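Numbering (this note's numbering), first residue to last: 8 to 364.
Please read the structure below before turning to the comments.
Set out below in structure tokens:
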């Protein structure tokens, strides 16, 4: 752990030195550009910190606990870089809020993304490494661009990040159509995949989507991780469909995700869906409401979470640079008696202050 943190610390210091000395216009902090071997080499540095304050009965692990008071913490403490050199690209992102422990067959938790790749054209880009699998619309949005303070109930059913290879295309032939097809090690970072042997078991994921500029996005995806609970257990399978609509100050979103054989248990299935509405009343203030509904089939229980919130953009022209999010979460359904994976079982107040570059 000490060696890993020392290496990351040295890399961070070097990164900030590059930022401080790189030429460029104001506002281009963290961008290095230079001709190397006849190709333009671009280096972008990025990072963000999300500090939190939370309180409420929904933070407790059990209904009989008493640890429901105000607490402070962090959701993400990220630093990374993106490199583009002609058609070659790379990305590294670490999270100092994680440790050097590893899930089976994957890189240490502190490493969120470690990617190398080659872009042939818009219709074909290949990448290899550790990155997000292409299942879940909200999951594939950066953590610094979320509409609410936390990822919601659907996050527990996605395949998460894994080591693998993926072929992607975007806006093929100017039609707005795109795709992702990936082959991965077992997705043991997922909450619903606890095992799998790399080289013997594998995970697969595919997604198709359509974009009409920034106004409309729609997608559908499927994924599978073999022997999700260990040898001779069931494969975890997941389907997802989602859409998002933006016009002027209004944002509307919806997503449905259906997971089967959670942790390799036959017929342990769960479904989650949400509807989201957001309206930016002023450049600084956006109100949001998101309703989640989850149902698990094995015990026939359910759970609902309703987020009501306010996003305060301290730098409205670049809203993720400095943002405060305030959420109150109402719960319903079977609450503490539910067997639904994920979600709050009781009401909670959430606040987050983010600064990013």
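Ideal Cβ placement from N, Cα and C applies to all residues, glycine included.
These figures come from a predicted structure and were not determined experimentally.
On the three-state DSSP scale, how would you describe residue i?
{"i": "residue 120", "result": "strand"}
{"i": "residue 342", "result": "helix"}
{"i": "residue 33", "result": "Low confidence applies to residue 33: its pLDDT is 37, below 50, so where it sits in the model is not reliable enough to give any reading."}
{"i": "residue 290", "result": "coil"}
{"i": "residue 350", "result": "coil"}
{"i": "residue 164", "result": "helix"}
{"i": "residue 102", "result": "strand"}
{"i": "residue 188", "result": "strand"}
{"i": "residue 115", "result": "strand"}
{"i": "residue 89", "result": "strand"}
{"i": "residue 205", "result": "strand"}
{"i": "residue 269", "result": "helix"}
{"i": "residue 237", "result": "strand"}
{"i": "residue 20", "result": "Because residue 20 sits at a pLDDT of 44, beneath the cut-off of 50, its placement in the model cannot be relied upon, and the following sentence gives the value as read from the coordinates. Residue state, collapsed to three classes: helix."}
{"i": "residue 364", "result": "coil"}
{"i": "residue 326", "result": "coil"}
At what residues does the beta strand (DSSP E) containing residue i begin and finish?
{"i": "residue 210", "result": "210-219"}
{"i": "residue 173", "result": "168-176"}
{"i": "residue 137", "result": "131-139"}
{"i": "residue 223", "result": "223-232"}
Name the DSSP bridge partner or partners of residue i?
{"i": "residue 258", "result": "253 and 285"}
{"i": "residue 44", "result": "According to DSSP, which records beta bridges pairwise, residue 44 is partnered with nothing at all."}
{"i": "residue 157", "result": "Its beta-bridge partners do not exist; DSSP assigns none."}
{"i": "residue 332", "result": "318 and 359"}
{"i": "residue 38", "result": "51"}
{"i": "residue 264", "result": "247 and 279"}
{"i": "residue 67", "result": "In the DSSP output, where bridge partners are listed per residue, residue 67 has none listed."}
{"i": "residue 96", "result": "91 and 124"}
{"i": "residue 83", "result": "57"}
{"i": "residue 142", "result": "None; residue 142 has no bridge partner."}
{"i": "residue 309", "result": "302"}
{"i": "residue 337", "result": "313"}
{"i": "residue 109", "result": "115"}
{"i": "residue 62", "result": "356"}
{"i": "residue 295", "result": "285 and 316"}
{"i": "residue 78", "result": "61"}
Since residue i contacts residue j with CB under 8 Å, what's their CB separation in whole angstroms?
{"i": "residue 284", "j": "residue 259", "result": "6 Å"}
{"i": "residue 161", "j": "residue 38", "result": "The pair is not a contact, with the Cβ atoms about 34 Å apart (cut-off 8 Å)."}
{"i": "residue 233", "j": "residue 209", "result": "6 Å"}
{"i": "residue 122", "j": "residue 98", "result": "4 Å"}
{"i": "residue 65", "j": "residue 336", "result": "6 Å"}
Inter-stretch contact (C-beta, 8 Å, three-pair minimum) for the stretch 186-198 and the stretch 106-114: yes
Stretch pair the stretch 172-179 + the stretch 88-106: three plus CB contacts closer than 8 Å: no
Cβ contact check for the stretch 179-192 and the stretch 202-220: 3 or more pairs under 8 Å: yes
Touch test, the stretch 240-254 against the stretch 143-157, Cβ-Cβ under 8 Å, three pairs minimum: yes
Contact the stretch 317-325 vs the stretch 121-140: 3+ CB pairs below 8 Å: no
Cβ contact (3+ pairs, closer than 8 Å) linking the stretch 299-313 and the stretch 344-354: yes
Stretch pair the stretch 351-360 + the stretch 155-169: three plus CB contacts closer than 8 Å: yes
The stretch 72-84 / the stretch 51-63 touching (three or more Cβ pairs under 8 Å): yes
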